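For the record, in the sequence shown the residue sitting at position 1 is 1 according to the UniProt record's numbering, with numbers rising by one throughout.
From the three backbone atoms N, C-alpha and C, an ideal C-beta is built for every residue, glycine too.
Since this is a predicted model, take the numbers as computed values, not measurements.
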Amino acid sequence: MALDVTARTAKDAAESLGCEVGAIVKSLVFRADDTFLICLVSGDKRCSLNKLKKIISKKDVCMANADEVKANTGFSIGGVAPIAHLKKLNILIDQSLGRFQSVFAAAGHPNSIFKIEYNQLVQMTKGEVKEITE
């Protein structure tokens, strides 16, 4: 669905959709040494770098920059969809998203979003559900 206003932030998207901020999926791209991965995080949570480092057994983990995000996913920051990336990326899913039957995720553009059942999101992304938030 197309939004009349930008959905660059989870708060913006939630206000446009009339849903809880937590039901918005943030697709965050991280660089871990020389590889990249995506964390799908609830809109009302923050990804924990310390937890992420432990889960993936890497010491050097940081947010990917805009060029790295585009090169690995094909999407610009603010519109990164949880699926259909340019490169195969490992995906971790914030377990707190499971409190919602349906969630909303970016659909490739900051003004585009799609609704998906949480269980279907897990299946489609083949992501690992982990405790990755603070």
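Integer Cβ distance of residue i from residue j, believed to fall under 8 Å
| i | j | result |
| --- | --- | --- |
| I77 | T125 | That pair is no contact at about 19 Å. |
| L89 | L37 | 6 Å |
| V103 | A23 | 5 Å |
| H85 | N65 | Their Cβ separation, rounded to whole angstroms, is 16 Å, which puts H85 and N65 out of contact at 8 Å. |
Given residue i as reference, the closest of the options once Cα atoms are compared
| i | options | result |
| --- | --- | --- |
| M1 | A107, V129, I91, E131 | A107 |
| L40 | E117, N119, L97 | L97 |
| V122 | H109, N111, I83 | I83 |
| A20 | H109, N111, F100, G127 | This sequence places Glu at residue 20; Ala is not what is there. The option with the nearest alpha carbon to E20 is F100. |
| S16 | G74, V25, H85, N111 | N111 |
| I132 | N72, C62, A64, I55 | I55 |
| K70 | L52, K87, A13, Q95 | K87 |
| D44 | G79, H109, A81, A10 | A10 |
Host beta strand (DSSP E) of residue i (start-end)
| i | result |
| --- | --- |
| K26 | 24 to 32 |
| K130 | 128 to 130 |
Span of the alpha helix (DSSP H) around residue i
| i | result |
| --- | --- |
| S48 | Where S48 is concerned, there is no enclosing alpha helix (DSSP H), given that its DSSP letter is neither H nor E. |
| E15 | 10 to 17 |
Checklist entry - Hey, which unbroken runs of the beta strand (DSSP E) at 3 residues or more fall wholly within the segment 58 to 122? => result Taken in chain order, the complete beta strand (DSSP E) segments of 3 residues or longer contained in the segment 58 to 122 are 61 to 63, 90 to 94, 102 to 106, 113 to 117.
Checklist entry - Given 8 Å as the limit, is there contact between the segment 113 to 127 and the segment 28 to 36, that is, 3 or more CB pairs closer than that? => result No, they do not touch.
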